[in-house]
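Undergrad:
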Amino acid sequence: MQNTVLHASHLSKTFGATTVLSSASVEVGRGEIHALLGGNGSGKSTLIKLLAGVHRADTGGTITVGGVSTPAERWSVEEAKRHGLHFVHQDPAVFPALTVAENIAIGRGFPTSSGGRIDRASLRRRTSEVLERFHIPATPDTLVAALRPADRVMIAIARALQDREGAHEGVLVLDEPTASLPAWEVDVLLAALRRYAEAGQTIVYVTHRLDEVIDLADRVTVLRDGRVAGSRDVEGLTEAGLVEMIVGRPLDRVFPEQRRQVATDVAMSVRGLAVGPLRGVDLDLHRGEVLGIAGLLGSGRSELLHALFGDLPVTSGEVTLAGRPLRVRSPRQAMEAGLALVPENRGADGLFSSLSVRENLSASVVRSYWRGGRLRHKAERTDARALVAAFGVKPDTDTPAAGTLSGGNQQKVVLARWLRRDPAVLLLDEPTQGVDVGARADIYAHVRAAADHGTAVLLVTSDFEEMAHVADRVLVLREGRVVAELLAPDITADRLTELSYLTMEVPA
Amino acid sequence: MTTESTEVAPPPSPPASSPGAAGRPAHEAPAPTWRAQLPSLVEKYALVFLFALMCVFFTVYQPTSDTFPSAANIRNILGNEPVVAIIALASILPLTCGQFDLSVGAVAGLSSIVTATAAAEHDVPVVLAVVLGIFSGCAVGLFNGVLVARLGVNALVATLGTATLVAGLVSLYTANLVISIGIPESLTALGSGTWLGLPRTVYTLAVIAVGVWYVLTQTPYGRQLTAVGVSPGSARLVGLRVDRYVLSSFVLSGGLSGVAGVLLLARAGTANPSVGPGYTLAALSAAFLGATALKPGTFNVLGTLLGVLFVAVSVNGLVLAGAADWVQPTFNGAALIIAVALSTSIARRRAGR
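Taken in order, these protein sequences are the chains called A and B.
Each residue of the first sequence is one higher than the one before, counting from 673 in our numbering.
Each residue of the second sequence is one higher than the one before, counting from 77 in our numbering.
(1) Suppose contacts are defined by Cβ-Cβ distances below 9 Å. Is His727(A) in contact with Thr736(A) by that definition?
(2) By alpha-carbon positions, which one of Ser325(B), Ser307(B), Gly228(B), Val391(B) ends up nearest to Arg1018(A)?
(3) Compare the C-alpha of Ile413(B) against each of Leu365(B), Ala215(B), Lys371(B), Glu119(B) and name the closest.
(4) Can you find a C-beta in chain A that's less than 9 Å from the C-beta of Thr264(B)?
(5) Can you find at least 3 beta carbon pairs, one from the region 953-971 of chain A and one from the region 1119-1135 of chain A, that sit closer than 8 Å?
(6) What are the boundary residues of the alpha helix (DSSP H) that Ile150(B) is part of?
(7) To the nearest angstrom, report how far apart Ala1051(A) and Tyr1041(A) are at their CA atoms.
(8) Under 9 Å, Cβ to Cβ, is there at least one residue of chain A near Gln175(B)?
(9) I'd like to check one pair, Leu169(B) with Val288(B): are the Cβ atoms closer than 9 Å?
(10) Please list the residues of the region 974-1003 of chain A that have a C-beta atom closer than 8 Å to any C-beta atom in chain B, keeping them in chain order.
(11) Under 9 Å, do Ala388(B) and Phe375(B) count as touching if we go by C-beta distance?
(12) With a Cβ-Cβ cutoff of 9 Å, do Thr191(B) and Thr250(B) count as a contact?
(13) For Gly710(A), list the residues DSSP reports as bridge partners.
(14) Can Glu751(A) and Gly725(A) be called in contact, C-beta distance under 9 Å?
(15) Can you have a look at Leu248(B) and say buried or exposed, based on whether 16 or more other CB atoms are within 10 angstroms of its CB?
(16) Anyone know if the C-beta pair for Leu945(A) and Val1014(A) falls short of 9 Å?
(17) In this structure, what does DSSP give as the bridge partners for Tyr297(B)?
(18) Sort out for me which residues DSSP pairs Glu990(A) with in a bridge.
(19) Taking only beta-carbon positions, decide if Ser1036(A) is within less than 9 Å of chain B.
(20) With 16 other CB atoms within 10 Å as the buried threshold, where does Asp1162(A) fall?
(21) Determine contact between the region 271-289 of chain B and the region 304-323 of chain B, defined as no fewer than three beta-carbon pairs at a distance below 8 Å.
(22) Who are the near neighbours of Ala98(B) in its chain, counting only those whose CB is closer than 8 Å to its CB and skipping five residues on each side?
(23) Would DSSP call Asp758(A) helix, strand or coil?
(24) Just checking: is the beta-carbon of Asn1017(A) within a distance shorter than 9 Å of some beta-carbon in chain B?
(25) Work out the CA separation of Leu693(A) and Val242(B) for me, nearest whole Å.
(26) Going by DSSP, which residues form a beta bridge with Glu699(A)?
(27) Per the DSSP calculation, Ser741(A) is bridged to which residue(s)?
(28) In whole angstroms, what separates the C-alpha of Phe742(A) from that of Val698(A)?
(29) Identify which residue in Gly982(A), Glu801(A), Val878(A), Val740(A) has its Cα closest to the Cα of Leu708(A).
(30) Please determine if the region 1164-1172 of chain A and the region 989-1005 of chain A are in contact, where contact requires at least 3 C-beta pairs separated by less than 8 Å.
(31) Any chance the region 143-159 of chain B sits against the region 317-330 of chain B, with 3 or more Cβ pairs inside 8 Å?
(32) Go ahead and label Asp1144(A) buried or exposed: buried means 16 or more other beta carbons lie within 10 angstroms of its beta carbon, across all protein chains shown.
(33) Can you check whether the C-beta of Ser390(B) is within less than 9 Å of a C-beta belonging to chain A?
(34) Can you check whether the C-beta of Phe759(A) is within less than 9 Å of a C-beta belonging to chain B?
(35) Is it right to say Asn252(B) is buried, meaning 16 or more other beta carbons lie within 10 angstroms of its own, or is it exposed?
(36) According to DSSP, what are the bridge partners of Val1215(A)?
Put into structure tokens, the structure is as follows:
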């Protein structure tokens, strides 16, 4: 490749006896957008951390930036910075309570006047220049909290690149910048990245989202099991092709088949539910179906699930479960009624990260092991092992702390915790967030199996592509109400996007 | 915290878990070898080893080799420590639930005064006086619990306030005078007597320790308490009433501190209004030391007892060696800081953060 800007060759990393990255090489050309793909645990984050100098590579590799080679084991955060590698991480470290100007100045220091006071005028002037250069629609005095999420990411990018006046030297490394962005914000950010690339900026782009890769990137490198599984031009690649590279096996289908026929046996019906932004939602959920709830962030999707689960007080509305009125005022009552909720924020609301996988699995059924005045630990262990095997949790033991598992495996544990209760209604809130493509397939296979057993599933996901593959029926929420219904063969991501966005105003 | 960062966590994190289970052989994790387990074994038994080292050292060290290993000294340590040990066990209940209780020492002091006053000055039957003492501890615990669980006051601040308040009220009521006359003999006999060669206080401790162990590890309540401490948000969504667990842990902590207060009275034979608060720090040191041992990252009963013994033997040895007054607070303070730092980092690593 002519004009290589960044060449990492034969990078390896071992932690104790565990090799997480083995002899990985990546070559990035000037001005290209280079996507880095791989499942959870593929070594992609490790590679980024080696490049950033956060972790030290094993001896043997070299990192070459702009023609200057450095042995990988001598690479450090300072070296990375000196050679012009700029990193913007998944959760952009911006300070919502500070202004745009302050956020950008934190990257390189505040201009001061005599006496050490911050020179506000010069700060504002400099910030305006930066904002203009990066096409960020904000003023220096805006609080970052008031910006759209995509603009916050762009502020972080601008902060990283601000010293590179005009000339697009170095490499911008973005680690899943879109992971926490709602769909329409993603487009804003991608448009901005495309603009930077056209101006000659080299970008390394780490993501889970395949459509972004196809859309944006020039080249892609895929990691699998700590090795580079392949590196090629994106031109001519399809999402299916990418999935095969990531998973390392041809996929007949990533997602289980939808049911073409919707059952008629109503498991739960909701009438006039008002809570948060919802202003009277009506829906019927049938036994054995996967009902998707589409809508934009802030449309009240999560609130709907939390209200049904008794975790949010309902303003008004009726819920019936299997024909009987249901009034739950707490998650406990909801559980007793046969409901289960896999929450969106796995770290804070789902997992007990320092407890073992076993304890996480039994969190929903602890009392059932209380027999004869003590907890039946042996029975608990047997059940936990069976669940670990049934759900394909890796590593296949029940003893490690759940927080040490990869995202996909953590989610399998949370899902197993609820499915073991054989719930009448399963509420899923963004069940595949931060989950790699292989584990996604596994998770939906289990959801489908539960549905086949008669569980009614209510699914919220921002990934409309996924929704289109998984749901039997989709209701679209807009402005607090159900505005559309789509049935299986007609559910497409485009249609869902269209229906969700209609008359939508971008919130400030 | 993002999910991706877990893949680079050092062992014990698993090797890269491969995507997709279907149609592919699972990665066989290599059987843990003795060598691979060594770091975790060292971590588990480091405190046991240090404790043994201390004992050996003071036994062979010339200035203490006569006094330290003597039966009288060992009986003295075993007789005194159950008070601290019970207070430490009291403190691990709120700690398990993610909350500090800094009032445990003051509550023990209160309970000893309440029991002594009831028995000596109001001629209340001994059993009832003891119940009153324990009950006063529960009442203070309830107060703490309401402050923290219902009003959302930070537990450190709330219990520090309560501790100071209780100490102040005790001082007001007793006019800072030691109650030494009329303490029932049945009570002092419990404190000073021996049974089967061991101080009787040790048996009280044993009962309490088994009780706390049972509650924490053998009942759903203990499991749920741990769950609430690890992640209140997740606990709420598996149907737990987080505030109830927090509140009840403070009530239990107060009650157990009350028991420790009764034992304190029995041991000393007098009720001194100023000694209670001094136990808090020693108890917390022991609790945090305990969280580095045996079940690292978790507050556990055996570890706590070991922590108490470790601090007691160290301080006892140093005092016998002729160390000055400053040694005990310095040692306790250093032990607390080291223990908290260690147990925090262990817990963090275990959680994969």
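Ideal Cβ placement from N, Cα and C applies to all residues, glycine included.
These figures come from a predicted structure and were not determined experimentally.
TA: Inspection of the coordinates gives the following:
(1) Contact flag unset, no.
(2) Distance from the Cα of Arg1018(A) is smallest, within the candidate group Ser325(B), Ser307(B), Gly228(B), Val391(B), for Ser307(B).
(3) With respect to the C-alpha of Ile413(B), the residue from Leu365(B), Ala215(B), Lys371(B), Glu119(B) having the closest C-alpha is Leu365(B).
(4) Output row for Thr264(B): interface = no.
(5) Short answer: they touch.
(6) Where Ile150(B) is concerned, the enclosing alpha helix (DSSP H) stretches over 147-172.
(7) Straight-line Cα distance between these residues: approximately 7 Å.
(8) Taking Cβ atoms only, chain A never reaches closer than 9 Å to Gln175(B), which makes this a no.
(9) Yes, the pair counts as a contact, with Cβ atoms nearer than the cut-off.
(10) Contacts with chain B (Cβ-Cβ distance below 8 Å) from the region 974-1003 of chain A involve Phe981, Asp983, Ser1002, Pro1003, listed in chain order.
(11) Cβ distance not < 9 Å, so Ala388(B) and Phe375(B) don't count as in contact.
(12) For Thr191(B) and Thr250(B), no; Cβs fall outside 9 Å.
(13) Note: Gly710(A) sits in a beta bridge opposite Leu895(A).
(14) Yes; because the gap between Cβ atoms is below 9 Å, this pair is in contact.
(15) Exposed is the call here.
(16) Contact: no.
(17) Its beta-bridge partners do not exist; DSSP assigns none.
(18) Under the DSSP definition of a beta bridge, Glu990(A) partners with Arg943(A).
(19) Yes, Ser1036(A) lies at the interface with chain B (some Cβ there is under 9 Å from its Cβ).
(20) Classified as exposed, Asp1162(A) has fewer than 16 neighbouring CB atoms from the shown chains inside 10 Å of its CB.
(21) Below 8 Å, too few C-beta pairs join the region 271-289 of chain B and the region 304-323 of chain B to call them touching: fewer than three.
(22) Only weak support exists for where Ala98(B) lies, its pLDDT of 34 falling under 50; the value from the coordinates is given anyway. For Ala98(B), where only same-chain residues beyond five positions count, there are no Cβ hits under 8 Å.
(23) Strictly speaking, residue 758(A) in this sequence is His, with Asp absent from that position. Collapsing the DSSP output to three states places His758(A) in a strand.
(24) It does; some Cβ of chain B falls within 9 Å.
(25) Distance between the alpha carbons of Val242(B) and Leu693(A) is about 58 Å.
(26) DSSP output for Glu699(A) lists His679(A) as bridge partner(s).
(27) Under DSSP, Ser741(A) forms a beta bridge with Thr736(A).
(28) In the sequence on display, residue 742(A) carries Thr and not Phe. Roughly 15 Å separates the two Cα atoms.
(29) Per the C-alpha coordinates, the member of Gly982(A), Glu801(A), Val878(A), Val740(A) positioned closest to Leu708(A) is Val878(A).
(30) By the C-beta criterion, the region 1164-1172 of chain A is judged not to be in contact with the region 989-1005 of chain A, since fewer than 3 inter-stretch pairs fall below 8 Å.
(31) The region 143-159 of chain B, when compared against the region 317-330 of chain B, does not touch it at the 8 Å Cβ threshold.
(32) The residue in question, Asp1144(A), is buried, as its Cβ has 16 or more Cβ neighbours within 10 Å.
(33) Answer no: the Cβ-Cβ gap between Ser390(B) and chain A never drops below 9 Å.
(34) Judged by the 9 Å Cβ criterion, Phe759(A) is not in contact with chain B.
(35) By the neighbour-count definition (other C-beta atoms within 10 Å, threshold 16), Asn252(B) is an exposed residue.
(36) As shown, chain A starts at 673 and ends at 1180. That puts residue 1215(A) outside it, with no answer to give.
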